[in-house]
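Here my numbering is used: the first residue of the sequence shown is 169, the next is one more, and so on.
From the three backbone atoms N, C-alpha and C, an ideal C-beta is built for every residue, glycine too.
Read the structure below first, then the notes.
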Amino acid sequence: MDDTTLFWQLAEALYAEDGRVSEGTMMGGRCLRVGGEFLALAGFKEGGLVLKLPKARVAQVIAEGVGEPFAPAGKVFKEWVRVPVPDEDVWLGLLREGIEFAVKLSLI
(Lines of atoms letter the chains of each structure in order from A and count residues from 1; the text may use other names and numbers.)
(Lines give C-alpha, C1' and ligand atoms only; values in the text may rest on other atoms or scores of the structure.)
Protein backbone atom coordinates (compact mmCIF):
# COMPACT_ATOMS: atom_id res chain seq x y z
CA MET A 1 0.00 0.00 0.00
CA ASP A 2 1.36 3.43 -0.84
CA ASP A 3 1.95 6.09 1.80
CA THR A 4 -0.93 8.38 0.83
CA THR A 5 -3.51 5.58 0.76
CA LEU A 6 -2.36 4.29 4.15
CA PHE A 7 -2.33 7.80 5.62
CA TRP A 8 -5.93 8.54 4.63
CA GLN A 9 -7.12 5.13 5.82
CA LEU A 10 -5.54 5.88 9.20
CA ALA A 11 -7.09 9.36 9.11
CA GLU A 12 -10.55 7.79 8.78
CA ALA A 13 -9.86 5.67 11.87
CA LEU A 14 -8.63 8.72 13.78
CA TYR A 15 -11.70 10.78 12.83
CA ALA A 16 -13.86 8.00 14.28
CA GLU A 17 -11.93 7.61 17.53
CA ASP A 18 -10.98 11.23 18.22
CA GLY A 19 -13.27 14.09 17.30
CA ARG A 20 -10.41 16.56 17.66
CA VAL A 21 -8.82 15.43 14.36
CA SER A 22 -9.84 17.19 11.15
CA GLU A 23 -8.61 17.70 7.61
CA GLY A 24 -6.84 20.89 6.59
CA THR A 25 -4.17 22.11 4.21
CA MET A 26 -0.46 22.60 4.70
CA MET A 27 2.28 23.43 2.18
CA GLY A 28 -0.21 23.15 -0.66
CA GLY A 29 -1.50 19.70 0.27
CA ARG A 30 -4.06 17.96 2.42
CA CYS A 31 -3.08 17.37 6.03
CA LEU A 32 -4.49 16.47 9.42
CA ARG A 33 -4.97 19.07 12.11
CA VAL A 34 -5.94 19.05 15.74
CA GLY A 35 -7.68 22.27 16.64
CA GLY A 36 -5.47 25.03 15.30
CA GLU A 37 -2.35 22.86 15.22
CA PHE A 38 -0.90 20.97 12.28
CA LEU A 39 -0.54 17.25 12.93
CA ALA A 40 0.61 15.35 9.85
CA LEU A 41 0.64 14.88 6.10
CA ALA A 42 1.71 12.14 3.71
CA GLY A 43 3.33 12.01 0.32
CA PHE A 44 5.15 15.33 0.68
CA LYS A 45 8.03 15.48 -1.85
CA GLU A 46 10.04 12.41 -0.74
CA GLY A 47 6.96 10.55 0.46
CA GLY A 48 6.26 8.87 3.76
CA LEU A 49 4.51 10.25 6.80
CA VAL A 50 5.49 13.69 8.07
CA LEU A 51 4.27 14.53 11.56
CA LYS A 52 4.76 16.87 14.47
CA LEU A 53 6.04 15.50 17.77
CA PRO A 54 8.00 16.92 20.71
CA LYS A 55 11.68 17.57 19.85
CA ALA A 56 12.91 14.83 22.18
CA ARG A 57 10.55 12.29 20.63
CA VAL A 58 11.60 13.33 17.10
CA ALA A 59 15.24 12.73 18.09
CA GLN A 60 14.31 9.32 19.51
CA VAL A 61 12.38 8.25 16.39
CA ILE A 62 15.38 9.27 14.26
CA ALA A 63 17.85 7.50 16.58
CA GLU A 64 15.75 4.32 16.38
CA GLY A 65 16.10 4.40 12.60
CA VAL A 66 12.35 4.72 12.11
CA GLY A 67 12.38 8.34 11.01
CA GLU A 68 14.46 10.98 9.32
CA PRO A 69 14.81 14.71 9.87
CA PHE A 70 12.19 16.73 8.03
CA ALA A 71 13.97 19.53 6.20
CA PRO A 72 11.94 21.14 3.44
CA ALA A 73 14.07 23.64 1.54
CA GLY A 74 17.11 22.50 3.58
CA LYS A 75 15.92 23.80 6.98
CA VAL A 76 15.44 21.11 9.64
CA PHE A 77 12.17 21.40 11.54
CA LYS A 78 13.04 20.11 15.02
CA GLU A 79 9.47 19.21 15.99
CA TRP A 80 8.79 17.37 12.72
CA VAL A 81 9.90 13.94 11.55
CA ARG A 82 9.52 12.03 8.29
CA VAL A 83 8.78 8.32 8.58
CA PRO A 84 9.53 7.00 5.09
CA VAL A 85 8.36 3.38 5.33
CA PRO A 86 4.57 2.84 5.33
CA ASP A 87 3.75 0.75 8.40
CA GLU A 88 0.21 0.82 9.75
CA ASP A 89 1.07 0.06 13.38
CA VAL A 90 4.04 2.44 13.56
CA TRP A 91 2.22 5.26 11.81
CA LEU A 92 -0.95 4.90 13.88
CA GLY A 93 1.02 4.91 17.13
CA LEU A 94 2.98 7.99 16.12
CA LEU A 95 -0.15 9.78 14.91
CA ARG A 96 -1.80 9.16 18.28
CA GLU A 97 1.28 10.60 20.01
CA GLY A 98 1.10 13.57 17.67
CA ILE A 99 -2.55 14.17 18.55
CA GLU A 100 -1.72 14.40 22.25
CA PHE A 101 1.19 16.75 21.51
CA ALA A 102 -1.01 18.98 19.33
CA VAL A 103 -3.66 19.11 22.05
CA LYS A 104 -1.05 20.26 24.57
CA LEU A 105 0.18 22.92 22.15
CA SER A 106 -3.31 24.21 21.53
CA LEU A 107 -3.79 24.72 25.28
CA ILE A 108 -0.71 26.95 25.58
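What number of angstroms, rounded off, separates the C-alpha of residue i from the C-alpha of residue j?
i    : j    : result
F269 : W248 : 12 Å
G197 : F175 : 13 Å
K246 : D257 : 23 Å
G261 : L219 : 12 Å
L221 : P254 : 18 Å
P240 : A184 : 31 Å
L207 : T193 : 11 Å
A210 : E236 : 14 Å
D295 : I267 : The chain is shown only over 169 to 276; residue 295 falls outside these bounds and no answer can be derived.
W259 : L217 : 7 Å
A231 : M195 : 27 Å
Who are the near neighbours of residue i in its chain, counting only those whose CB is closer than 8 Å to its CB and skipping five residues on each side?
i    : result
A179 : V189, E191 and L200
G203 : R188, A270, V271 and S274
V229 : L221, G235, V249, V251 and L262
Considering just the uninterrupted stretch of the alpha helix (DSSP H) at residue i, what are its terminal residues?
i    : result
G197 : It is not in any alpha helix (DSSP H) - G197 instead sits in the beta strand (DSSP E) that spans G197 to V202.
V234 : Careful: V234 lies outside any alpha helix (DSSP H) and carries neither H nor E.
K213 : Run containing K213: none; DSSP gives neither H nor E here.
A184 : D171 to E185
Taking the continuous beta strand (DSSP E) assigned at residue i, which residues delimit it?
i    : result
E247 : F245 to V251
A208 : E205 to A210
G192 : V189 to M194
Who are the Cβ neighbours of residue i in its own chain at under 7 Å, not counting the five residues just before and after it?
i    : result
D186 : I267
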